[in-house]
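Counting in this note's numbering, the sequence shown runs from 112 upward without gaps. Below: the structure, in structure tokens.
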Amino acid sequence: MISQDKAKKAREAVFGGGGFATRQRRLHAPVWRPPYLTGGGAETAAAVSAEQEAFEKYTHFLTDSKGRLLEIPLRRGKADSAFIDQISFSIHEDTLSLLAGYPLVSDDEYIVRASMALNDIFGFGITEKAKHTGGRFYDSCWLMGTDNAQYGRVHFGGQNNTMLIELTATGCNAASDGWESRLYRFITQAVRPKITRIDIAKDFFNGEYTPEQAKADRLAGKFTNHRMMPDGESVGTDWESNNGKGKTYYVGSRESSKYVRVYEKGKQLGDKQSPWVRFEIEFKAKDIVIPFEVLTVPGEYFGGAYPICSQFQEKAQRIETVKKVLDLTFERCIEVARNQVGRAINAAKSMFPNKQPAEILAMFEPEHDLLPKRLSMENYAAKFNHAPAVHEDEGRLKPGESAQMLVEMALEQKRKMTKLISDKHEEDYLAWAYHQYSGKF
């Protein structure tokens, strides 16, 4: 048990001196000292190689309420050499009540408040309710984005009063600059926040790393952590036929906490000669804890995931990736259009030999100004997304008609709000005390 003196110091650190933001910084400051483990720790550590030991000392372990050992991903390498390609996180619904300043009641209130928060963070909010029922064991599902650009989903209802937000690769790509830092500030002050999945990617535009190299590196032990070599899998006909359709190499298992995809991104987008390769690591919160700091320094966690990752140098920033995707998508669009209407253009030229090329082109111009789905600009920047969000619908929420009911609701909201704040402070204190003293027992 924690001594009275230590407990007193812990309470003083949380509740004494400084404002709420100051206490939040203390609560979420990383503590890299692992707790003592029972049984076999010294013998295991002695058997680890020197190279592996260098990675172990950056590893942080926690034990959950069921006694399972949880690993926090390693931090190693350049902070800005990789980017977040996809993310899912959950929060308790009380987070939205705290943001509103009063307890929310109906599902519509929660969704509207969530849409406002997401718009502040990413530059887009919730647009509509999905026609299908809720996924991930939630009661309902709401969509972000448009038919042309699907930014993500919000799952709500059930699941211990939590809300799950999932951002797709398109959503991460289109979100307003700096969303990672804004999400970090939001999530570190939320109630019971958790990153459930995050994909971190690194691009090699000139083929500096390939699926073939990933396969060789796995067999050479460069994806081996804790002396266990993960499984590998080669996918794609290009491995045997060399047909330009692209190769993919997987390391690990879909059910594991870390899963690697090394694939030829350029060929996936239709350029059979492109050397562009993407290296993605999918982290899932199964037997690991995904720290919130991964939002601000994804490259460090990418670099620490496997021994091979620490060797990579900085390669690409997000804006370079966007330009590359747009270029290849447009080239593919031209190729498809040439195949589909090329003969019709040739026929028009033969039938109207005196017409200029511009006049021939005008014959094929559509009456609308729509772009191909993959070239729609909302795929690359949220500012081009003109779909209205639910929080922009002023008539969505209507106050009650009874003045007495409103007074009673206000009193009840005040009581619940006081309890929410009290519970949040208690939760923050327990979390801080655990991180502060777990390594001493």
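Ideal placement from N, C-alpha and C gives every residue a C-beta, glycine not left out. Source: prediction; values computed, not measured.
Proximity of R365 and D314 at Cβ, strictly below 8 Å: no
Pick from A416, A455, M274, I232 that is closest to W290, judged by C-alpha positions: I232
Do M255 and G282 have their C-beta atoms closer together than 8 Å? yes
Relative to the C-alpha of K378, which candidate in S287, W387, V371, G236 has its C-alpha closest? W387
In the DSSP assignment, the alpha helix (DSSP H) including C283 goes from what residue to what residue? 280-285
Kindly indicate which three-state DSSP category N450 falls into: helix, strand or coil? helix
For the beta strand (DSSP E) that G343 lies in, which residues bound it at each end? 343-346
Answer yes or no: the CB of I309 versus the heavy atoms of the ligand PLP, is any distance below 7 Å? Absence of the ligand PLP is noted for the structure shown, with no ligands found whatsoever.
Rounded to the nearest angstrom, how far is the Cβ of T407 from that of Y295, given a contact under 8 Å? That pair is a contact at about 5 Å.
One question on the structure: do A500 and T238 come within less than 8 Å of each other, judged by their Cβ atoms? yes
Any idea if V373 is buried or exposed, counting beta-carbon neighbours within 10 angstroms, 16 or more meaning buried? Per the 10 Å Cβ criterion, buried.
Would you decide whether A325 is buried or exposed? Buried here means 16 or more other CB atoms lie within 10 Å of its CB. buried
Are the Cβ atoms of I309 and I202 separated by less than 8 Å? no
Just tell me which of K530, K305, G343, E538 has its CA closest to the CA of E573. The question about residue 573 has no answer, for the chain in this structure spans 112 to 552.
Since I419 contacts F334 with CB under 8 Å, what's their CB separation in whole angstroms? 6 Å
Shortest alpha-carbon distance to F475 belongs to which of Q467, A492, K466, A455? A455
Where L173 sits in the DSSP three-state scheme: Model confidence at L173 stands at a pLDDT of 49, short of 50, so the residue's coordinates are unreliable; what they give is reported in the following sentence. L173 falls in the strand class under three-state DSSP.
Is Y412 near I311, with beta carbons less than 8 Å apart? yes
Which residues does DSSP list as the beta-bridge partners of R389? D314, Y374
Can you give the beta carbon distance from H502 to N230, rounded, assuming they're within the 8 Å contact cut? Between H502 and N230 a beta carbon distance of about 7 Å is seen, short of the 8 Å cut, so the two are scored as contacting.
Cβ separation of L209 and V362, assumed to be a contact under 8 Å, to the nearest whole Å: Not a contact, Cβ separation roughly 41 Å.
Excluding the 5 residues flanking Y262 on each side, which residues of the same chain have their C-beta closer than 7 Å to its C-beta? Excluding positions up to five away in sequence, the list reads F235, M255, G256, L278, T279, T281, G282, A285.
What residue does the beta strand (DSSP E) around R264 start on, and which one ends it? 261-267
Report the rounded CA-to-CA distance for S217 versus A225, giving the unit in angstroms. 13 Å
N- and C-terminal bounds of the alpha helix (DSSP H) containing I222: 218-233
Simplified DSSP assignment, three categories, for D258: coil
Let's see if you can read the secondary structure: which residues bound the beta strand (DSSP E) around Q324? It is not in any beta strand (DSSP E) - Q324 instead sits in the alpha helix (DSSP H) that spans 322-330.
In the DSSP output, which residue or residues are listed as bridge partners for G363? Y370
R329 burial status per 10 Å Cβ neighbour count (16 or more: buried): buried
I need the DSSP call for D398, collapsed to helix, strand or coil. coil
According to DSSP, simplified to helix, strand and coil, what is I471? helix
Could you compute how far the alpha carbon of N336 sits from the alpha carbon of D349? 29 Å
Just confirm the distance between the C-beta atoms of K369 and A416, as a whole number of angstroms; I'd bet it's less than 8 Å. 6 Å
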